[in-house]
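What follows is one structure encoded as structure tokens, with my remarks underneath.
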Amino acid sequence: MKQHFLPTGLPLLSKELIEMANRRRTYVIRTVYALLFLGCVGFIYMDNLAPLMTNPLAMLGRGRDIFKAMVSLQFAAIYILLPAITCGVITQEKERNSLGLLLITRLSPATIILEKYLGRLISMLTFLMLGLPILAFAYSLGGVSPAMFINGLWLLLLAMLQVAALGVLCSSYFRTTVAAFIATYLIGFLMLFGLPIAYELNLLYYQNAADLIVDVIQRIPYLGELLPPGNRPNQEINFLFYAPYWFDRFSWTAGGTSVVRTVIFSIPILLSTFVFLIFAHFYLVRRAFLPSNNFLLKVFKKLDLLFSKINNNRVTRGIVLVKDNVRLPESKPIAWRETSKKSLGTFRYLFRILVLMEVPILFLCIIIATGDPQPIVPGAVMLLWLIWGITALFLAVSATSLIAGERSHETLDVLLTTPISGAELLDQKIAGVKRLCLVLLIPLLTIVLFETWWKWENFQMNRGHQYETQWLPYLVGSLLTLGIYLPMLVYLFCWIGMKIKSQTKAILTALGSILVWCLLPFILAFPLFILIPNLKEDSVLYGLFLGPASYLVMNEVAEFHAFGSAWPPLVVNAIIYGGCLLLFRTLCRNHIDENLGRLGYNNSSYYRPDFDSIDGISFDQQSPLSSDL
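Per the UniProt record's numbering, the sequence shown starts with residue 1, numbered consecutively.
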């Protein structure tokens, strides 16, 4: 009797690749990435080689700068795009309730992890292959040694393997794609930059231990040559898991020694990859069927129990300073639901988030204030940009989930049956996000006021810095961006959540959209300015304000010399993004019924006071519903 066996190939990997090839967004994302990549290539080419077009021989040996810039660009693509690609590889199966079907097949948990992992790696390789012709072109110009070329490709591969493994681990551990998405970026940031930041802030002292490790390595006959005396051992230990550091550290040494050094010092990156995959395999089955659980809410409840025990004493006697309104409201029921029944809407939980963000910021500002006085403080600038990134992440998750989350939980139809207009429905849904904006606003204001005070102190000292010490334009510009950007992001992300049905896709689309919006003006403006020397400088620079990050960057580093004053860019930025705020708000309020597919959305008289009434609910006489009744 002939036996029939299942194919022994890679069925899950084949499924992943076929599904990816049949999705329209795959080609849209690749096209957008190709355009951004080509724009960066054009800028790098024109900046390095355009001045040498009249003398072709002078172009020889200039490939090193282009090669370094392109490898750095590829690293940025890996660290920005790959976590978003891999974080949903397992959680999507959990959300579709199909992970159990995979586990009862002949595929072992290790095979599932490996094939899912390879599927996302192949997807990322298609992006990185766009840069291979450019790398080859840079190599042909000269200045790039074979060791440099090998180091670049090797470290790009290691970074891709490491980041993808971290995304698979978070996807295996967490239940939802949103949680895995946030955890992948946060854990990745702490892993790559946690030790360097702690070391630079003098928060972590381990020099003696580092010196001991380096001393042991230097006593080994061959390895001692790879780490000669005089190096900063702390610096080496800080960047153990950061591939771009090793590319910049060893790629400029000719010969095979640099390749050997790169391979040896990149062993921690490779080991971290294996550790991530092992833990992903460990958690795949153990956390496959966990019930819905909000980790943050669970932590807050434990803190509530602890604070309640501490509060029950003879002095305080269980005093409650602010009490959340848990009674059923007489009006605005949806706003009450958003601010009383959701963890990121209640006052006590938002207050804890504020404390967790504000206390470290105040501590870091105190440390920065003890340093040397200078008009621009790099630490404060980087801290402000970091908080802006966290703010965009929080708002993307919360604002897009206002509508997309209701779809995912199958509660949107219930909301649409209420006798509330679309605009009012939106206003009440945003009530919780407004509270979150106020919480995120306080840390941003803290840094802005600290920098304003710092600039004012330098202005009083009359240090001669014309633009760096202009505290008043900086303060006004920062306050305007805070007042305009925060509601603009809320309405933009909310509109994306209306358009896209899947909550995960909506969040990823929101983050991708704001990233492209910030980078695209820079990519398009600078090559235009280089290609057309006679073009007025102001016209090109003002075009940069089409991206929301442009003014934030210029305001922090005080790059207003080309404008003669800081006030014209401030006015232009306020006009552009004030208009964007009104546009997104109008799109959300006027088209919410249309985007949600609500009955009678296209009838301007859908809600009128002279309708027939049934049990207090009014119906339009011209609508199909009233005619059927």
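Each residue gets a CB set at the ideal place from its N, CA and C atoms; glycine is no exception.
Note that the coordinates shown come from a computational prediction; the quantities given were computed from them, not determined experimentally.
- Beyond the five residues adjoining it in sequence on each side, R598 comes within less than 6 Å, by CB distance, of L416 in the same chain, given in chain order.
- Taking 7 Å as the cut-off, the beta carbon of Q162 is found closer than this to the beta carbon of I269.
- Separation of I496 and F137 (C-alpha to C-alpha, rounded to the nearest whole angstrom) is 40 Å.
- Per DSSP, reduced to three states, the secondary structure at G564 is coil, with no helix or strand assignment.
- By the Cβ criterion, the stretch 239-249 is not in contact with the stretch 115-132, since fewer than three pairs of Cβ atoms, one from each stretch, lie closer than 8 Å.
- Between the stretch 184-199 and the stretch 155-174 there are three or more C-beta pairs closer than 8 Å, enough to call the two in contact.
- Assignment of H409 by DSSP, reduced to helix, strand and coil, places it in the coil class.
- A574 carries a helical assignment under DSSP once its states are collapsed to helix, strand and coil.
- Taking C-beta separations shorter than 7 Å and ignoring five residues to either side along the sequence, the partners of P443 in its chain run M357, E358, I361, I387, following chain order.
- Contact between the stretch 404-411 and the stretch 508-515 is absent, with fewer than three C-beta pairs closer than 8 Å.
- Excluding five sequence positions before and after L393, none of the CB atoms of its chain fall closer than 6 Å to its own CB.
- Counting along the chain, T339 sits inside the alpha helix (DSSP H) bounded by residues 333-340.
- Contact check for F149 and Y33: beta-carbon distance about 23 Å, past the 8 Å limit, so the pair fails to qualify.
- Approximately 6 Å separates the beta-carbon atoms of S401 and Q503; this is inside 8 Å, confirming the contact.
- With a threshold of 16 other beta carbon atoms within 10 Å, D593 meets it and is buried.
- With a threshold of 16 other beta carbon atoms within 10 Å, Y27 falls short and is exposed.
- Secondary structure note for K15: its alpha helix (DSSP H) is the uninterrupted segment 11-21.
- When C-alpha distances from G405 are compared across E115, A77, R64, T177, the shortest belongs to T177.
- Runs of the alpha helix (DSSP H) lying entirely within the stretch 112-191 and spanning at least 4 residues, in chain order: 132-141, 146-173.
- Between the stretch 100-119 and the stretch 11-25, the count of C-beta pairs closer than 8 Å reaches three or more; the two stretches touch.
- In terms of CA proximity to F241, V263 leads the group V259, V263, S258.
- Uninterrupted beta strand (DSSP E) stretches at least 3 residues long and entirely within the stretch 427-494 do not occur.
- Secondary structure at Y242: coil, using DSSP grouped into helix, strand and coil.
- The beta carbon of P568 sits closer than 8 Å to no other beta carbon from its chain once the five residues preceding and following it are set aside.
- Non-local C-beta neighbours of F493 in its own chain, meaning closer than 7 Å and more than five positions away in sequence, comprise L395, A396, A399, T400, A510, ordered along the chain.
- The beta carbon of G477 sits closer than 6 Å to the beta carbons of N555, L570 from its chain, once the five residues preceding and following it are set aside; these are given in chain order.
- Note on I104: under 16 other CB atoms within 10 angstroms of its CB, so exposed under the neighbour-count rule.
- In the displayed model, R25 falls within a helix according to three-state DSSP.
- In the same chain as C437, and ignoring 5 residues on each side of it, the C-beta atoms closer than 6 Å to its own belong to L486, in chain order.
- Taking the Cα of A431 as reference, the smallest distance to any Cα among A549, G564, W336, F193 is reached at W336.
- Within the same chain, Cβ atoms closer than 7 Å to the Cβ of F174 are found at T91, A180, A183, the five residues on either side in sequence being excluded.
- Assignment of S421 by DSSP, reduced to helix, strand and coil, places it in the coil class.
- Nearest to E451 by C-alpha distance, out of W385, P419, E424, is W385.
- Look at E95 here: in three-state DSSP terms it is helix.
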